[in-house]
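The next block holds one structure in the form of structure tokens; read it before the comments.
Residue numbers (our numbering), protein chains in the order written: chain A, 39 to 332; chain B, 693 to 1126.
Following this line, the structure appears as structure tokens:
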């Protein structure tokens, strides 16, 4: 018996794993580890949401307990929050503001981006740079001039004042201009040959092909408007004409924070966004990947 | 004195002599036509008891004064002055503002707050002041004139957890009265229990300087000279107070927690003592109910020196420029500082009554006070209350921040108290009005 056969004999007698089976086993182990890591990360991400919901069910004297489920769970905080602030009205206001701002930014963004992408005109790069630079100016810098403007227009304490400064946004213009520049010029030329003019090319040729980018942008604008805080804070004169982020902040006072009702209000406020996320999960992820995490 | 100087001096004197009565004459004694005034109030920007009580008071006032409509505007305390400034710039001057005491001087010199003596007839003013605690009234006085009437105000109270006291072998019926006793009790607590010994609301981004001023003053120190021109928080008495806090921290008796974290640790029953405004009493009671025995004592003193607490909170000030609105604003201010209003403010929002005669009156707070013994130390301190001083000039917030940064560096950062306070004082003095 040669050394090789001596070594291979016992191996042959064992139920030897083929290279494919070994690879399969290794693959399973890798998958299991990957899943384990993902499960841990999921728990890590979901735990704050779970804690928000659980805290919203705790009575005031159990709010600092660390038990995973309260002994005296109740919906009292929800009832209190609904009574203390006009949550439904504030959610409605936030929805209106976010929807109108999103639609307005898409329309103004599409028109402006089309002009920048489609034509070369004198000073186009300068204007484009100016638009890009406005993105770098923090909103806090223009808050007071904007406030004076909406005050002079007699729009204080109205939803119009919340919407007006956000009718156009640099992010929308830049994102759409970038997408339109990478759109094949041959398709546009073909449309022109077929007799389509600029207006028709924009709405019937370019826009349907940019659905992914537009959906991503819409989600980004909607979420950032939903979470807007400083501008509504300056404008807010009555809860009835304000948005949900201000309503949540109303539970934080110098005499202490009412965590239970605050968590109840936060849970109710996050439901619409959660719904959007569930329905448009893929687009949400893509939108963050396309624009970078904001 | 030459002839020209004499003539100018005489004209100026005559001008002042005629101007003052003219101002009071231009403000009508009654509101006999419809008028709407704005009322900026930070309780309205909150959810819960403060907002409900304020809305109720406004409704009662409107019912009693059918010609006056009150437009309540809510803004958080830290944003309120910025909101007032923005609205003045937009030519929408607020009529009545619930101003935090630290912003009182700024509201006089920069926002146009009106002295009550300048437009309210003296007999009417005297009648309204009757029954108001003298110490409470002087909180809104700057340079001898009343610019604000204390509205929601309170004093520093030492809350303590009687259960933790018992566990540490301390007598909860004999709470510490001096800083030395506080240190001893806190060390006993940290040694025998898992709880923090002492927490305070002195330091932190949202703490302001009101509690710090009370500690410094209790050691006979101060933050500013009587003529409000020179900063004195690096004088020996103030430095000694800072050194005492440093010693508490170094010994392990005092835990460095942010204002909110300290409040929540106390409410969770994980701290022995907590020095903070009595306004947080309602919040602490909610956490303590059914969990631990929450009690309160007066602010600690330095040895034999009497404690000299100052107030926190806000005053009502009038900014109206239109005579009719100014009258309506004064009517609102009178109502909001009446016996009826203070009963609501004390009972439902949790502040001190400016009118002490309602405390034992069964028609107002009499029965309620008997059922709420935690209020007692707060009421005791009303008799010795001193004003929370607001720094003058447009840089008042930077001055306050420099002082607090210096003190924080000395207490928690390991800096030498004398050097840190001197450095802060020298830097801040340059920002004082010349």
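The C-beta atom is built at its ideal place from N, Cα and C for all residues, glycine as well.
Less than 8 Å separating the beta-carbons of residue i and residue j?
i	j	result
residue 1012(B)	residue 785(B)	yes
residue 282(A)	residue 307(A)	yes
residue 838(B)	residue 816(B)	no
residue 1000(B)	residue 1076(B)	yes
residue 900(B)	residue 880(B)	no
residue 982(B)	residue 960(B)	no
residue 139(A)	residue 251(A)	no
residue 214(A)	residue 255(A)	yes
residue 99(A)	residue 301(A)	no
residue 723(B)	residue 1020(B)	yes
residue 926(B)	residue 1113(B)	yes
In chain A, what lies closer than 7 Å to residue i by C-beta?
i	result
residue 982(B)	99
residue 769(B)	292
residue 978(B)	98, 99
residue 1042(B)	293
Got a sec: is the Cβ-Cβ distance from residue i to anything in chain B below 8 Å?
i	result
residue 331(A)	Caution is warranted here: a pLDDT of 45 is assigned to residue 331(A), below 50, making its placement in the model unreliable, and the coordinate value is therefore given only provisionally. No, no contact with chain B.
residue 288(A)	yes
residue 189(A)	yes
residue 244(A)	no
residue 129(A)	no
residue 123(A)	yes
residue 102(A)	yes
At the 8 Å Cβ level, is residue i part of the contact set with chain A, yes or no?
i	result
residue 765(B)	yes
residue 695(B)	In this predicted model, residue 695(B) has a pLDDT of only 45, less than 50, meaning its place in the structure is not dependable; the value taken from the coordinates is given anyway. Chain A, which has no Cβ nearer than 8 Å to the Cβ of residue 695(B), makes this no.
residue 666(B)	Examination of residue 666(B) is not possible in this model, given that chain B is present from 693 through 1126 alone.
residue 644(B)	Outside the displayed span of chain B (693 to 1126) sits residue 644(B), for which this structure offers no information.
residue 742(B)	yes
residue 886(B)	no
residue 699(B)	At residue 699(B), the pLDDT of 42 sits below 50, so the modelled position is not reliable and the matter cannot be decided from this model.
residue 716(B)	Confidence at residue 716(B) is low in this model, with a pLDDT of 48, below 50, so its placement is unreliable and the value that follows should be read with caution. By this cut-off, residue 716(B) is not an interface position.
residue 710(B)	Low local confidence applies: a pLDDT of 41 at residue 710(B) is under 50, so the model's placement there is unreliable, with the coordinate-based value given in what follows. Closer than 8 Å: no.
residue 713(B)	Residue placement at residue 713(B) cannot be trusted, given a pLDDT of 44 that sits under 50; the coordinates are not used to answer.
residue 784(B)	yes
residue 959(B)	yes
residue 975(B)	yes
residue 1055(B)	no
Run down chain B in chain order and give the residues with a C-beta less than 8 Å from the C-beta of residue i.
i	result
residue 120(A)	Per Cβ cutoff of 8 Å: no residues; residue 120(A) is ~11 Å from chain B at best.
residue 182(A)	778, 781
Starting from residue i, find everything on chain B with Cβ-Cβ shorter than 7 Å and list it in chain order.
i	result
residue 199(A)	Going along chain B, no residue has its Cβ under 7 Å from residue 199(A), so there is no contact; the nearest lies around 12 Å.
residue 185(A)	778, 782
If contacts are defined as beta-carbon pairs under 8 Å, then residue i and residue j qualify, I think. What distance do you get, rounded to the angstrom?
i	j	result
residue 985(B)	residue 854(B)	4 Å
residue 1071(B)	residue 828(B)	At roughly 12 Å, the Cβ-Cβ gap does not stay under 8 Å, so residue 1071(B) and residue 828(B) are not in contact.
residue 1095(B)	residue 915(B)	7 Å
residue 93(A)	residue 298(A)	7 Å
residue 218(A)	residue 152(A)	6 Å
residue 216(A)	residue 257(A)	Not a contact, Cβ separation roughly 17 Å.
residue 128(A)	residue 280(A)	6 Å
residue 789(B)	residue 776(B)	6 Å
Check the Cβ of residue i against every Cβ in chain A and list those closer than 9 Å, keeping chain order.
i	result
residue 952(B)	290, 294, 295
I want to check one thing, is the minimum distance from the CB of residue i to the heavy atoms of the ligand FMN below 7 Å?
i	result
residue 882(B)	As for the ligand FMN, it is missing from this structure, which has no ligand bound.
Check the Cβ of residue i against every Cβ in chain B and list those closer than 9 Å, keeping chain order.
i	result
residue 299(A)	739, 740
Inset, instruction - Compile a chain-ordered list of the residues in the segment 1080 to 1092 of chain B whose CB is closer than 9 Å to at least one CB of chain A. - result: none
Inset, instruction - Could you run through the segment 886 to 914 of chain B and flag, in chain order, every residue whose CB is less than 9 Å away from some CB of chain A? - result: 898
Inset, instruction - Using a Cβ-Cβ cut-off of less than 8 Å, list which residues of the segment 269 to 284 of chain A approach chain B; keep chain order. - result: 271, 272, 274, 275, 276, 277
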